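What follows is a single structure, written as C-alpha cells, with notes after it.
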Amino acid sequence: MAPRKSSAVIEAPGLAQQGALDLMCTQFVLGLVVRLGPKFNLRRDINTLLSFTARHLCWPRQPLAHIQAFCARRCADSPSWRAAAQLSPEEFVARHGTWKGSFDDATLFYYLDEYVKDSPKDVLAAFAATSEVIAARLKRERVLVKDNISLLGTVLQLNPAEQALLLFGALTRYQRDMRTVLLEFKVSNAMEAYGAFAELTGVAPNDIAEAMRPGSRLERIGLIENLIAETNFTDLADLMKVSDKLLPVLLQEYRDEGELMAVFTRPARPSELKADDFGHVGDDVKYLVALLDQAAKTQATGVNVLIYGEPGTGKTELAKVVAQAASCELYEVECADRDGNSLSGKDRYRSLQVALAFLRGRRKVALLFDEVEDVFPPAAPDLMSLFQRDDARSSVNGKAWVNQILESNPIPVIWITNGIEQIDPAFRRRFQYHLQLKSPPAGA
9 MAPRKSSAVI EAPGLAQQGA LDLMCTQFVL GLVVRLGPKF NLRRDINTLL SFTARHLCWP
69 RQPLAHIQAF CARRCADSPS WRAAAQLSPE EFVARHGTWK GSFDDATLFY YLDEYVKDSP
129 KDVLAAFAAT SEVIAARLKR ERVLVKDNIS LLGTVLQLNP AEQALLLFGA LTRYQRDMRT
189 VLLEFKVSNA MEAYGAFAEL TGVAPNDIAE AMRPGSRLER IGLIENLIAE TNFTDLADLM
249 KVSDKLLPVL LQEYRDEGEL MAVFTRPARP SELKADDFGH VGDDVKYLVA LLDQAAKTQA
309 TGVNVLIYGE PGTGKTELAK VVAQAASCEL YEVECADRDG NSLSGKDRYR SLQVALAFLR
369 GRRKVALLFD EVEDVFPPAA PDLMSLFQRD DARSSVNGKA WVNQILESNP IPVIWITNGI
429 EQIDPAFRRR FQYHLQLKSP PAGA
C-alpha cells in the first residue's frame, strides 16, 4: 500500500503502525541532530542514526526529488532500480523508502551515506520534517511511559527537569542504539551538555545541572545512578543515567498512584498477634509503642528501630504489633518484583528511598524494612571481601547515603535482620533502639 501524503511531506511506509515509544526515540535523536548539527558528524555517523530512525523517515518533496534523481543515476544499471526516475514521489518512497536493513541496496538508505557528503541539507530537512510529523502524532496519542513518569512525578514531587531526564533516560534504556548516537554528540563541559538538553526539552539548564549533581534527589531516590563529576562530561550520553530497573516499572499499566507505588511499597498485612504474645519482651514493646507514637505525632525525623534475631522468632510480627499498638499505618518495602523474583539489597534500598519520598508528610505512618542483611555497605574490608564481589555490588554503595537515611528519614522505619555482625557499628549507633528478639522461654 502506498504511503499516504501529509501536506508537502510523504510519510514513511507503515508509519501509522509504529509504536509510540519507538517514535519518541526517533524524534529525540533527530531533534538533537537538527538543532545541534555541528556537534554530530552526519557524514560519518549517518548509518548509526539510520539503524533505528530510517523506518520512520518522512520526506519533503523537494529534497526527496534530489535524492530520487541521485539514486536513479547512481543505480542506473541495477535491475531493482529500473525506471526509478519515472516514479512519482509516492511510488518512489513505496518502492525504495522502506527500511529493510543496512545492506539492502534496493533501498535509498543504502546510498544516503554517499548522498549526505555533498547534500547534508536535504537529509537534515527530512530529519526536521520527520520530527514534526512524529510530534503531531504523539500529541494525539497516549504514551504509557510518559504518563507513568508524570504519575511518578506527582507522587514524588519531581520538577520538569527531573521528569525530562527520567523520560529520555528511559528511552535510551529502551532503544540501546540511541546511546551509540548520543556518544557522538561531543561536549567540552557539563554546562554545554545541560544547555543542549535544555534546548530540546524546554527546561532550564540550571535545573538539569541540579538534577544531575552527584547526591541529587534523583540519585538519592535511586532513579538515576552512576553519576559522574561535571569535569568528566564528554558527550550527551553522560546525561542518560536512568537506573536499568526503572524501565520495566515504567512499561507497566497502573490504575492509580497507589498501584504504581506498590512496586516500591505497600501496606503491610495486619498481624493476628497482640502485644501479650510478646510478654517475654513486654518492656521493650511498651517502649517501642511509645517511641513510634511520639515520632508519628510530632513527625520527627531520623527515627529508626533495629530488631534482630534468629529466623522464626517473630521479628516481623512484632514490628506489626508495635505499629498497630501505636495506631500507625505500617507500610513495608517491597522485596520482590511482579514476577516474584527477589530484589537485591541495592534494589530494595531504592524502594526504601522511593517509599520514604512517597510517605513524606503523612501522619501516623511507619515503614517496615525486612531482610536488610544485604543492604548495608560491607564493614571494613577484609580478605573475605575479595571473594564476595557479587554481594558487594548488590549492596548500597557509600556510607554517607545510608547515614543520611538514618539521620533524616521523614517517618519511623523499623529495620529487621537475622544478625547484625555484618552491619558496621557506625551504622548501628544511629538507631534509636536495638532489640534482639529471642524465642519465648518454654511455657511462656
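Numbering-wise (this note's numbering), the sequence shown opens with residue 9 and increments by one.
Backbone N, C-alpha and C define an ideal beta-carbon position, used for all residues, glycine too.
These numbers come from a predicted model, not from an experiment.
Expected contact under 8 Å - CB spacing of residue i and residue j to nearest Å
i	j	result
L179	C33	5 Å
I419	L375	6 Å
D516	Y119	The chain is shown from 9 up to 452; residue 516 falls before or after that span and cannot be answered.
A93	A77	7 Å
L244	V195	7 Å
K253	R346	Not really, about 12 Å apart at Cβ, beyond 8 Å.
V421	N349	Contact flag wrong, Cβ pair sits at about 24 Å.
R437	I428	That belief does not hold up - the Cβ atoms of R437 and I428 are roughly 12 Å apart, past 8 Å.
L175	K147	No, L175 and K147 are not in contact; Cβ-Cβ is about 15 Å, not under 8 Å.
Three-state secondary structure (DSSP) of residue i
i	result
D264	coil
K294	helix
D243	strand
L391	For L391, the predicted model reports a pLDDT of 39, less than 50, meaning its position is unreliable and no value from the coordinates is stated.
Q444	strand
P375	According to the sequence as given, residue 375 is Leu; it is not Pro. Looking at L375 - three-state DSSP - the assignment turns out to be strand.
L235	coil
E340	strand
K194	strand
N312	strand
Q332	helix
W409	helix
S158	helix
M248	coil
I424	strand
V17	strand
P46	helix
S110	coil
R181	helix
T115	coil
S350	strand
R274	strand
D398	Because D398 carries a pLDDT of 43, less than 50, the predicted location of this residue cannot be relied on, and no value is offered for it.
Beta-carbon spacing of residue i, residue j below 7 Å
i	j	result
T56	V271	no
A201	L247	yes
G310	E227	no
V257	R181	no
K446	G317	yes
A28	E149	yes
A365	L164	yes
P97	L72	yes
A137	P68	yes
V329	A276	no
C83	L116	no
I315	L443	yes
K354	A304	no
E325	L281	yes
D264	F60	no
I229	Q412	no
P448	H288	yes
L259	I142	no
S139	Q35	yes
N240	P319	no
F384	I431	yes
Given residue i as reference, the closest of the options once Cα atoms are compared
i	options	result
P152	E261, L244, G223 and L191	Correcting the residue type first, residue 152 is Leu in the shown sequence and not Pro. Of E261, L244, G223 and L191, the residue nearest in Cα terms is E261.
L191	T242, A298 and L164	T242
Q440	P385, A408, C343 and A308	A308
R356	R370, E340, R371 and G369	E340
V37	A24, E122 and D53	D53
R51	I142, E122 and S88	E122
F205	V297, G39 and D30	G39
L173	N426, M269, A62 and E233	E233
Q25	G223, R63 and S127	R63
C343	L367, P319, E379 and A327	E379
G369	L255, N417 and S279	N417
G381	S352, A408 and G22	The sequence shown places Glu at residue 381, rather than the Gly named in the question. For E381, the nearest C-alpha among the options comes from S352.
N197	A217, G223 and R81	A217
L299	L95, A327 and P278	A327
D301	L338, R274 and T106	L338
key: Contact between the stretch 165 to 175 and the stretch 202 to 216 (3+ Cβ pairs under 8 Å)   = At 8 Å Cβ cutoff, the stretches touch.
ask   = Just checking, does the stretch 323 to 342 make contact with the stretch 287 to 300 on the three C-beta pairs under 8 Å criterion?
value = The answer is yes - the stretch 287 to 300 touches the stretch 323 to 342, with three or more Cβ pairs under 8 Å.
Inter-stretch contact (C-beta, 8 Å, three-pair minimum) for the stretch 36 to 51 and the stretch 132 to 143 = Touching, per the Cβ criterion.
request  = May I ask you to verify whether the stretch 94 to 104 touches the stretch 154 to 162, counting CB pairs closer than 8 Å and requiring at least 3?
outcome  = Short answer: they don't touch.
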